[in-house]
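Numbering (the working numbering), first residue to last: 38 to 272.
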């Protein structure tokens with residue numbers, strides 16, 4: 038009622054309709070979120086699968102389990118972040134920090150993929166596990182690694198991506214990608230393709246210029262068909 042009364046005061050502002058719908062959607066989501074995000078009723082075996090019974094994995098494991106429940110309830114995009122304070126920027130203490138990270142995230146990450154598969158959800162869900170750059174193969178400060186923009190790896194599962202397949206390789210030093218080089222625009226084009234969207238057609242206006250999400254005319258972005266289970270047919 039309040040929204041309707043407010044709308045009547047500004048009949049010329051058609052954008053208000055969209056804003057009101059967004060507020061109402063947010064309210065409905067808030068009302069449903071409590072039940073969806075409550076993992077206490079999950080079977081003990083599932084909670085152990087995600088590592089909720091261990092201090093090291095409980096935090097990230099709960100996040101992954103909530104992600105599965107969100108997907109199961111129909112949420113179309115879910116972002117899972119790592120717990121605060123994890124030492125991702127390994128300029129020093131690399132061995133110690135990597136061991137800490139893998140102890141916390143490996144089991145829950147694998148559990149999410151396994152659980153989605155067991156429930157028949159993985160084929161229709163894309164799981165992307167990534168950062169934004171790699172690490173140099175040479176030491177920094179004797180026991181760390183600086184950033185490497187020339188090569189890094191990520192994980193894709195489900196959603197029509199090939200299972201158990203490794204695409205690309207670095208040089209013998211682990212410094213630069215040399216085999217099946219794939220750019221970030223390539224990755225985005227491929228994910229959009231799996232969502233049924235042509236990356237050359239999906240765009241927006243930026244400072245008066247029509248731009249596509251991958252700016253393919255400049256970046257040369259392409260769908261990486263080699264990593265997909267179904268051959269790519271693009272007109």
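Beta carbons are placed, not taken as given, at the ideal position from N, Cα and C, and that holds for glycine. Keep in mind it's a predicted model, so treat the numbers as computed, not measured.
Q.
So for residue 119, helix, strand or coil by DSSP?
A. Residue numbering aside, residue 119 sits at position 82 when the chain shown is read from its first letter. Three-state DSSP puts residue 119 in coil, outside helix and strand.
Q | Identity of the residues DSSP links to residue 206 by a beta bridge | A | The residue you call residue 206 lines up with position 169 of the chain shown. Partner residues in the beta bridge of residue 206, as assigned by DSSP, are 216.
Q. Between residue 101 and the rest of its own chain, which residues show a CB-CB distance below 7 Å, the 5 nearest in sequence each way excluded?
A. As a first step, residue 101 must be located in the chain shown, where it is residue number 64. Excluding positions up to five away in sequence, the list reads 87, 117, 145, 146, 148 and 149.
Q. From residue 96 to residue 121, what does the alpha carbon distance come to, in whole angstroms?
A. Residue 96 sits at position 59 when you count from the first residue of the chain shown. Residue 121 sits at position 84 when you count from the first residue of the chain shown. Looking at the two C-alpha atoms, the distance is approximately 10 Å.
Q.
Measuring straight from C-alpha to C-alpha, what distance separates residue 201 and residue 38?
A. To locate residue 201, count along the chain shown from 1; it is residue 164. To locate residue 38, count along the chain shown from 1; it is residue 1. Residue 201 and residue 38 have their alpha carbons spaced roughly 54 Å apart.
Q | Residue interval of the beta strand (DSSP E) (run including residue 247) | A | Within the chain shown, the letter at position 210 stands for residue 247. 246-249 is the extent of the beta strand (DSSP E) around residue 247.
Q.
Following a CB-centred definition, is residue 70 positioned closer than 8 Å to any heavy atom of the ligand GDP?
A. No copy of the ligand GDP occurs in the structure displayed, which carries no ligand at all.
**Q.** Which of helix, strand or coil DSSP assigns to residue 261
**A.** For this step, residue 261 is matched to residue 224 along the chain shown. Residue 261: coil per DSSP, three-state reduction.
(Q) Starting from residue 82, trace the alpha helix (DSSP H) in both directions and tell me its first and last residue. (A) Translated into positions along the chain shown, residue 82 becomes position 45. Its alpha helix (DSSP H) spans residues 81-86.
Q. So, helix, strand or coil for residue 44, using DSSP?
A. Here residue 44 refers to the residue found at position 7 of the chain shown. Residue state, collapsed to three classes: helix.
Q. Are at least three pairs of beta-carbons, each pair with one atom in the segment 241-258 and one in the segment 217-224, less than 8 Å apart?
A. The segment 241-258, when compared against the segment 217-224, does touch it at the 8 Å Cβ threshold.
(Q) Quick test of the definition: if touching needs 3 or more C-beta pairs under 8 Å, does the segment 68-80 touch the segment 103-114? (A) yes
Q: Please look up how many angstroms separate the CB atoms of residue 264 and residue 163, rounded, as I've assumed it's under 8 Å.
A: Position 227 of the chain shown, counted from the first residue, corresponds to residue 264. Position 126 of the chain shown, counted from the first residue, corresponds to residue 163. Between the beta-carbon of residue 264 and that of residue 163 there is about 12 Å, and that puts the pair past the 8 Å contact cut.
Q.
Under 8 Å: do the segment 246-253 and the segment 180-189 share three or more Cβ pairs, one atom per stretch?
A. Two segments are said to touch when three or more pairs of C-beta atoms, one from each, lie closer than 8 Å; by this definition the segment 246-253 does not touch the segment 180-189.
Q: Could you tell me whether the segment 127-138 touches the segment 172-180, where touching means 3 or more Cβ pairs closer than 8 Å?
A: Touching, per the Cβ criterion.
**Q.** C-alpha distance - residue 51 paired with residue 245, whole-angstrom precision
**A.** The residue labelled residue 51 in the question sits at position 14 within the chain shown. The residue labelled residue 245 in the question sits at position 208 within the chain shown. Roughly 22 Å separates the two Cα atoms.
Q: Would you identify the three-state DSSP class for residue 194, choosing helix, strand or coil?
A: For the purposes of this step, residue 194 is identified with residue 157 of the chain shown, where counting begins at 1. Three-state result, residue 194: strand.
Q) What are the boundary residues of the beta strand (DSSP E) that includes residue 241? A) As a first step, residue 241 is located in the chain shown; it is residue number 204 there, counting from the start. Counting along the chain, the beta strand (DSSP E) containing residue 241 begins and ends at 240-243.
(Q) So for residue 72, helix, strand or coil by DSSP? (A) Counted from its first residue, the chain shown places residue 72 at position 35. In the structure shown, residue 72 sits in a helix (DSSP, three-state: H, G or I).
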